[in-house]
Every structure is written in structure tokens, then in C-alpha cells.
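Presented below is the structure to which this report refers.
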Amino acid sequence: MDKNYFSTILLSLTLAFSHASLATSISNFNDWGINTSDLSSSHSGVHSIEEDQHSNYLNPGYGGQEYDAEAIYTTWDNDYLYVGIMTGRLQNPTTGWAPGDIAFDLGSDNSYEFGLVTSSAAGSNASTAGIGNPGEFYIVSEWNYGVWDENGNHVGVNSPLVDINHPTSVKTGALSGSAANFTYSALKENGTWLSYGNWSDDKHYFISAKIDLDLFLETGDTLEGGFSIHWAANCNNDWLLLDVPAQPTTVSEPVSLSLMSLGLLGLGLHRRIQKRK
Ligand SMILES: [Ca+2]
Ligand SMILES: [Ca+2]
Ligand SMILES: [Ca+2]
């Protein structure tokens with residue numbers, strides 16, 4: 537094998553966005569390891585945030601369980617980012633606000649570069665409907681934002697005062713692919729609602745997606761530097777934000793150190809070969 541090529545491969549390996557603790561691929565709700573009585577539980581290696589509410593007032597809006605954003609989960613392996621959202625909002629409501637899209641902010645700097653479409657064109661509030669079809673992944677140029685300002689004041693649809701730190705659905709953007717696996721399921725078994733969370737008679741829905749890591753490379757930002765995942769219904773009556781801190785870029789210390797040394801050795805060889813030319 538060509539030495540330059542070999543050294544390039546070694547350096548790439550040391551920079552891989554890898555996660556040591558997730559052993560198997562996630563393809564449905566059961567794979568997340570969530571305990572029925574505790575939405576904040578999940579397998580190790582999963583980052584999550586939970587806010588299971590029940591009363592009519594959420595924050596900053598109203599609507600109770602139907603509009604409750606309850607939990608966000610994420611983890612990854614070498615090829616895919618996995619995202620799970622728990623909510624009281626059904627996928628295709630015929631009245632009221634549609635579920636929003638899943639927004640990704642690389643760098644956690646309040647600029648949301650990517651959106652995964654859930655079903656934001658459903659519901660009866662067409663003026664806040666998003667574009668696209670469930671499971672489609674967009675590089676977003678413009679978001680919709682619901683009806684609240686950043687102080688929790690009701691400002692209405694398409695107001696210039698809306699809270700732009702909490703995007704709801706993809707308004708315009710470029711379609712760059714689709715989730716490898718997208719589901720939006722009612723948590724039922726044999727027609728009976730499964731009991732999850734703090735209130736046993738609540739209905740819960742679960743959005744699960746598996747997204748090729750390559751789809752996040754389009755803007756020059758990286759997931760390694762930390763990222764955030766945001767979800768709300770199109771009204772933004774209740775939003776959830778999961779911040780994932782910057783990740784170590786190595787698998788384990790001894791392995792990475794030896795790979796790094798080999799990589800540097802490779803670089804040295806590369807330079808020497810270039811000098812000779
Ligand atoms: Ca709830
Ligand atoms: Ca909530
Ligand atoms: Ca960003």
C-alpha cells in the first residue's frame with residue numbers, strides 16, 4: 537500500500553466521530569431501553585432530556601398532554617445518528633397544530649442548519665405548515681417559529697417578534713436525503729396504550745429516526761464540536777432542547793495514542809517523501 541495513503545487512513549481513524557458504548561443499531565422504540573415508569577431512563581451512551589407534563593399549561597403555551605414535548609434521545613455509531621422524540625402529539629392531527637420538525641444545531645450556537653421532517657404539513661393551521669414528507673432531511677434556509685416571543689408572550693403566527701431560538705418546522709431549504717429509518721408510532725400493543733411516564737393514562741407517541749452521518753457534512757460544521765436537537769409542535773406551546781457537548785474524537789486512550797503516533801509517523805514519512813521530490 538502507498539505510504540501516503542496509509543498515513544491518511546490512520547489520521548482519519550483518529551478523527552472518527554465514534555461512540556464506544558452503543559453496541560447495536562436502533563431501529564424502533566424498544567431499542568432505546570426506556571423504562572415504562574421513567575422517561576429519563578435509557579441505555580448508557582444515550583444523551584437525553586425529559587420534561588413529562590400533564591397539566592393544561594405547558595411553557596410557554598397551553599394544550600396539556602396533547603402538545604407535550606416529553607423527551608428527546610440521541611446516540612450514534614460510526615455510521616448513523618439516532619434520534620428519538622417522545623410526545624403527546626399524534627402524527628397526523630385533523631385539527632389543531634401539527635407536530636413540528638426535528639431541528640439540528642451544529643455547534644449549539646442557535647443556528648439550526650438541518651431539519652428532519654416529521655409531519656409538519658398536517659393539522660388545520662396551514663400558515664405554519666412545513667415543507668416535505670416524513671423522514672426527509674433538509675439543509676434549512678428558513679424556519680417557521682410558532683406563536684410566542686422569547687419572553688413567553690403570545691405574538692401570533694408569522695410575527696416578526698417570534699422566538700427564533702425555537703424553530704418549529706422547515707419553511708424553505710434544500711432536500712439532501714432521507715432518514716434511513718423513520719417511524720412515528722403510537723405506543724400501543726394489541727390496541728392498548730402502553731403506560732409510560734408519570735401519568736399512566738396518558739397517550740404517548742414516539743418519533744424514531746436513523747440518519748446517515750454523511751448528511752451532516754454539507755455545511756462544514758461538525759457533530760464532534762457539540763450539537764443540539766430541538767423539537768416542538770408547530771405552535772411552540774412546549775419545546776424541548778437537548779444539548780450534546782463536544783465529544784472526544786478517540787475510541788480509547790491507548791488505541792488512539794498508538795494510532796496518533798502512527799499517524800504522525802505517517803505524516804513525517806509523507807513530508808520526507810515530498811522533500812525528496
Ligand atoms: Ca406528558
Ligand atoms: Ca413537556
Ligand atoms: Ca449551528
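If you're matching positions, the sequence shown starts at 537 in our numbering and goes up one per residue.
A virtual CB, placed ideally from N, CA and C, is assigned to each residue, including glycine.
In this text the structure is predicted, and so the values were computed from the model without any measurement.
Cβ distance (whole Å) where residue i is taken to contact residue j below 8 Å
i	j	result
D604	N734	Not a contact, Cβ separation roughly 11 Å.
W684	P596	5 Å
D637	G666	5 Å
N717	S563	6 Å
L652	A715	6 Å
Other residues of its chain near residue i: CB distance less than 6 Å, five sequence neighbours each side excluded
i	result
G709	Y674, I675, V676, S677
G761	G643, A782
A559	With a pLDDT of 46 at A559, under the threshold of 50, the modelled position of this residue cannot be trusted; read the value that follows with caution. For A559, where only same-chain residues beyond five positions count, there are no Cβ hits under 6 Å.
D779	S644, S764
G620	W568, Y609, S744
H766	A639, L777
T719	S744
N726	none
G600	N592
D574	none
H583	T610, V780
S576	E586
Assigned exposure category for residue i - 16 Cβ within 10 Å defines buried
i	result
A662	exposed
L697	exposed
T572	exposed
L753	exposed
H517	No answer is possible for residue 517: it lies beyond the span of the chain, which begins at 537 and ends at 813.
S561	exposed
N773	buried
Proximity winner among the options, relative to residue i (alpha-carbon distances)
i	options	result
G624	I700, S712, D748, N592	N592
H590	P703, P784, T758, D737	D737
I585	K746, I570, A607	A607
L711	L759, D574, G671	G671
A768	A665, T664, K746, H702	H702
T758	Q601, I562, A722, L617	L617
D699	G688, V706, K707	G688
T630	L652, N773, E602	E602
S721	T728, G713, F742	F742
Y648	L575, T755, L730	T755
A658	P635, L652, E725, L575	P635
S578	Y732, G651, F650, S695	Y732
L730	G600, V582, K746, M622	M622
G713	P784, S695, K746, N726	K746
Short Cβ contact (8 Å threshold) for residue i with residue j
i	j	result
G632	S660	yes
G527	N628	Lying before the first or after the last residue shown, residue 527 is absent from the chain, which here runs from 537 to 813.
L723	F565	yes
V693	G668	no
T704	T664	yes
Neighbourhood of residue i by C-beta, 8 Å cutoff - its chain only, sequence neighbours within 5 removed
i	result
D615	D748, L749
Y598	N592, N773
S695	V683, D685
Cβ shell of residue i (< 7 Å), same chain only, five flanking positions each side left out
i	result
N646	N701
L594	Y603, D604, N773, D774
V691	V683, W684, D685, L697, V698
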